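Okay, so the sequence shown: first residue is 6 according to the working numbering, each after it adds one. One structure is given below, encoded as structure tokens.
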Amino acid sequence: MTEHPVEVDIVFVGGGTTACVAAGRLAAANPELNILLIEQGPNNINEPGVITPAVFVTHLAPDSKTALFWKSSKSPATKEREPMIATGGLLGGGSSINFMMSGFDLIPLLQKLETYHIPGRENHGYDGPVHVSYSDYFAQVAKEYLDVCTKRGIPRVEDIMDLRTGHGCARLAKYIHPVTGRREDAAHRYIHTQSHNRRLHIMTKTLVTRVLFEGNKAIGVEVIGNKNQDPDADQTPRKIIARKLVVVSAGALGSAIVLQRSGVGEAARLSKLGLDVVVDLPVGANYEDHSSCIIPYHVPNDTETVDPVLDQDKEVLETYLAQFAHGKGFLTTNVNDAGSRLRPTPDELKEIGPAFNELWKRKFEPAPDKAVFVQTIINGFLGPRNVIPPNSRFMMVANILAYPASSGHVYINSTDPYAPPDFRAGFLEDQADIEAHIWMYKKSRAVNLTGPPTACYDVEAKFLHQAYREGLQGPPFPRHERSHVAKLAALLSTHGAACKQNGNQDMLKNSGTVAVVKDMERIVQALGDDGLNFLGYSYGSILGATFAALKPNLVKRMVLDGVSDSESYFNDVLQWGRSSVQDSHVTLAGFASTCIEAGPEYCALANKSDTSQSILDRLDALYARLDTEPLAANTPYGPAVIEATTLQGFIFISLYSPSTWRSVAETPLNITVDQFTDYFREMGKISDIGEQFAAISGRCRGWPFRANERYTGPFPVLFVSLDGDPVTPLGAAVKMSKAFESSSLLVQQGFGHASLAHPSLCTAKHIQDYFVNGTVPKNGTHCTPEPGFIYPTNATNTKRAALTPPAPTDVVPVSVNWFPNRQCNYECTFCFHTSKNSFILPLDRAKDALKALTEAGMRKLNIRGGERLLHPTYLGEVFKFCKEELKLESTPLVNNGSKVTEKWLDEYGPYLDIMAISCDTFDIDTDLKHGRAENAKPTHIRRVFDVVHWCKERGIRVKLNSIITKHNFEEDVNDSISELAPFGWKVFQVLLLEGENDGAENGALRDARDLLITRDQFQSFLDHEEMRFLNCSQSSKTPERSVLEVGVQQAMQDARFDNKVFIFILFKRALNTYDFV
């Protein structure tokens, strides 16, 4: 408790807005008056949290020393909740911590108070001590809010705080100095400006226990130190005499409590507490407060809001504070830059309800200047930070009931000044207030969201609860148990069932992409434009493609980025799911490889001895552990149980945005359940995160509505695609681009979902030139991302190498077969890679050529020809160069196995992706007939088993290549193949190649004519195996019917085999590797 005089002329009980204005004006008018302000909270002079408008909400923190929190009793009207009311708890009171909204009840006082910095407003003053301005900042959400309000029929006015306007919207002026950007609170403008006045006293952190009376005349006050502010505060009561006047100005709640402790109140209540009654009055019996409904809305995460300030983002705060030092920038706003005063229309009145209509006729209809609600747009989320996603951006709409019909009370329960009162806020206890809030909620959604609503649930909580249950169940991973899928399938179908039962049927049947296309057409027409400029990401690519197909004459410029396969989206949603995740393994590989390249300094997952594969192996091991031993963990959303499916979902979401990887490292319809279970299994094989996307595409299972208008293809347009997108693969962009003859495809190297996830100035410039100048980039244009985006050390072409595939129409050497030599130690009779000369290109020249090929787009080098390991060091150095320098993603070796040694594998195996070994038979005599031997020694078959064993010991994947001839087409090799267990096995029917293996008379060194077999004989070999062709026509691998069941020709037709496309790209779930088979 600060020092104070024992006798003054006037005592103000409470140092809030009223006290500061009244005391300051009295002191200025008569400097001889001894005036004392007693404030229970701290002084506010030059406190950053007070003078900085944008951080006013920090006063509402639970441990705040500058706000008082009053807990109301429970009430059925609030579903037995306990509303909390915050009031000013420091010098200046509410004017130090509130929204700083401009407006007063009495125009003459308003004019005397203000220096209004918007000219020409007759109801405002222009020479008062308090500066009122728009400040230096005007939020984008506030600008858009005003635009929407105007379009929704709410008139735009100059000033809704002129005490005359009952209905309209406007930019809001606040108590903020236009030059300094500081809050203009009552204490700073009326008290601190008179620091020279020695007769104006301030006592802070002091409680007034009671007003002293002689009879019914107030003569002073009794005070103690406030131990809520200072635990060691002196609790000895001390008296201060007021010679002239005691002014009780402690706010609606505080004043009632001080008066009751002083004997002013309802006699019956005070007598029970042993208090002498000075005056019998209903003090505290008619508490009224504005009930408010504050609704949050998520906004794009690049919107400038107060959220990073409240998140204590150091970089953002440093920028803002530097601006604020000059009275500029974001911190000069109270994040309430626009608002409305609202009254219902005659038609709306009919819908509101009888209780409010009675109140309307009595209170509002005769007073057109009375607004029913004051609505403000809040630029950010002012609630607890742990209930919203990290790094997200929000706005809020506050609907404040201006003249509530409900009322409550505040009564003391004890003479103890620290005892909480009997407080009932009374919110919503009058039906008129409930009816008003329901109308306002609907109206605010009409302003801030589009409609009409689907109304599948009568309250939003039911939908959120259902979504929570779905999340709790999660996709079935790593085990695809039917019971788990059955429960998840039932949960996923409940939304459709709710919509079918309760929803707006006409609206649901008229919802769909085609309906949105028609809306876009109407927007273009309404704006009077001659066409549409459109930039679409993800689903926006489907919407854009549909618009371009249906309304090609209205397309001016269109860029589709993060391209989804529109055809499968509309025709087979499960196939859309399959095709969507085809490249997700590339993104996951990028997650690991960029971490390795960045190193432990930047990526906590990376150890010095790590490889990309070892990181992914640890991830798989963690999945397995979490499957049996879930962990309890603290998350941004609170305590949670982490299961394998939880972690997989987290990884899946992170693949969308490489910018998060660093923090991550630190931390068809009516499908049966059996079919759905199989689908989850299939998606898990296609992609490491396939189960997560299966749950997304599976949401359409059982959806009971079909849009009245649908479009299924085909899909004039610039397509943009990353080559490492986890959910919109490059293949979808290639497919969609082919559907538009005049389109162009720009391929950008990078990870994440759509090009913005991994920014490239090259891509941005092409898109800008296209929209601004109409310059279409050449089909197949390649761009690279900016270096250091994911980790500071990552270069433009990271260790994942150039993933960019060729453009559909350009000649790019994606996969190159190189024949470094054509000599061989075997004499296979069917071989067409026979020795013509012994020349081998010098190693430095070979490296130059390989580098040039890589710069032209090579991603895979297949080393073929004669026996490559006749030159082991040369070949090993080539592999090392390809991996370490060129960063090629795939470098397989095809050889006969005879020259492979463990020493060579130890030295060069780390640079080898696949060891492909030629093995046609497991019968020694047949092998010798084929010439698969060196100096006629029957060692080849045993050597194959040895090499496979050595490779598997070193983690090198093995493939087998077999030629089927007249000597082995009847052989059953199943047992031997099973024992070797290669990851892939390619089987070829022996063929003749002119001048290579068609006899000496044709200039060939080999003669395979006697080895030829018929198609039926080749078929009979296949009959030993359950062989199926894979249908790759939809950017996926779908096994078709067995050749044993339908025959080769029908199986090939089922698989939609295209003779024009003879490249089968099999994407395996291995790190950093494309396997071109």
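For every residue, glycine included, the Cβ atom is placed at its ideal position computed from N, Cα and C. Because the structure is a prediction, the values reported are computed rather than measured.
Check: Quick check on residue 602: buried or exposed, where buried means 16 or more other Cβ atoms within 10 Å of its Cβ?; Outcome: buried
Check: Return the CA-CA distance between residue 22 and residue 252, expressed in angstroms with no decimal places.; Outcome: 13 Å
Check: What does DSSP give as the partner residue(s) for residue 724 in the beta ladder?; Outcome: 565 and 750
Check: Using a threshold of 8 Å, state whether the C-beta atoms of residue 282 and residue 268 are closer than that.; Outcome: yes
Check: Counting C-beta neighbours from all protein chains within 10 Å, is the total for residue 539 16 or more, i.e. buried, or is it exposed?; Outcome: buried
Check: Beta strand (DSSP E) containing residue 73: first to last residue?; Outcome: 72-76
Check: Label residue 780 either buried or exposed according to how many other C-beta atoms from any shown protein chain fall within 10 Å of its C-beta, with 16 as the threshold for buried.; Outcome: exposed
Check: Could you check if residue 547 is buried or exposed, using at least 16 other CB atoms within 10 Å of its CB as the buried criterion?; Outcome: buried
Check: Mapping the DSSP letters down to three states, classify residue 558 as helix, strand or coil.; Outcome: helix
Check: Please say whether residue 461 and residue 500 have beta carbons closer to each other than 8 Å?; Outcome: yes
Check: Locate the alpha helix (DSSP H) running through residue 238, then write down its first and last residues.; Outcome: Unbroken run through residue 238: none, as it is neither H nor E.
Check: Closer than 8 Å is the cut-off here; do at least three beta carbon pairs connect the region 820-827 with the region 927-941?; Outcome: no
Check: Residues in the same chain with beta-carbon distance under 7 Å from residue 259, minus the five sequence neighbours each way, listed in chain order, please.; Outcome: 19
Check: Could you name the residues that DSSP lists as bridge partners for residue 12?; Outcome: 246
Check: How many whole angstroms separate the CB atoms of residue 160 and residue 173, which I take to be in contact at a CB cut-off of 8 Å?; Outcome: 5 Å
Check: Counting beta carbon pairs with one atom in the region 845-861 and one in the region 960-971, are three or more of them shorter than 8 Å?; Outcome: no
Check: Assuming the contact rule is C-beta atoms closer than 8 Å, residue 308 and residue 146 should be a hit. Round their C-beta distance to whole Å, please.; Outcome: 7 Å
Check: In this structure, how does DSSP classify residue 45 when only helix, strand and coil are distinguished?; Outcome: coil
Check: Assign residue 528 to one of two classes, buried (16 or more other C-beta atoms within 10 Å of its C-beta) or exposed (fewer than that).; Outcome: exposed
Check: Does the separation of the CB atoms of residue 94 and residue 73 fall below 8 Å?; Outcome: yes
Check: Taking only three categories from DSSP, how would you classify residue 155?; Outcome: helix
Check: Whose C-beta lies closer than 6 Å to the C-beta of residue 891 among residues of the same chain, with five residues either side of it excluded?; Outcome: 859
Check: Rounded to whole angstroms, how far is the Cβ of residue 953 from the Cβ of residue 969, which I believe are closer than 8 Å?; Outcome: With 8 Å as the limit, residue 953 and residue 969 do not qualify as a contact, their Cβ atoms being about 20 Å apart.
Check: Just how far apart, CA to CA, sit residue 185 and residue 493?; Outcome: 58 Å
Check: Quickly, what does DSSP pair residue 174 with across the bridge? List them, please.; Outcome: 161 and 345
Check: Rounding to the nearest angstrom, what Cα-Cα distance links residue 761 and residue 723 in this structure?; Outcome: 16 Å
Check: Hey, residue 58 and residue 229: beta-carbon distance below 8 Å or not?; Outcome: no
Check: Mind checking which residues open and close the alpha helix (DSSP H) that includes residue 133?; Outcome: That residue, residue 133, is in no alpha helix (DSSP H); it is neither H nor E in DSSP.
Check: Using alpha carbons as the reference points, say which of 518, 606 and 594 lies closest to residue 572.; Outcome: 518
Check: Looking at C-alpha atoms only, which residue of 552, 194 and 70 is the closest neighbour of residue 236?; Outcome: 70
Check: How about residue 255: is its C-beta nearer than 8 Å to some C-beta of chain C?; Outcome: In the structure shown, chain C does not exist; there is a single protein chain.
Check: Look at the alpha carbon of residue 933 and the alpha carbon of residue 1006, and state the distance between them as a whole number of angstroms.; Outcome: 24 Å
Check: What does residue 729 pair with, by DSSP beta-bridge criteria?; Outcome: 756
Check: Do you know how far the Cα of residue 274 is from the Cα of residue 417?; Outcome: 9 Å
Check: Alpha carbon to alpha carbon, what distance is there between residue 211 and residue 46?; Outcome: 7 Å
Check: With distance defined between alpha-carbon atoms, name the residue in 795, 753, 777 and 794 nearest to residue 784.; Outcome: 753
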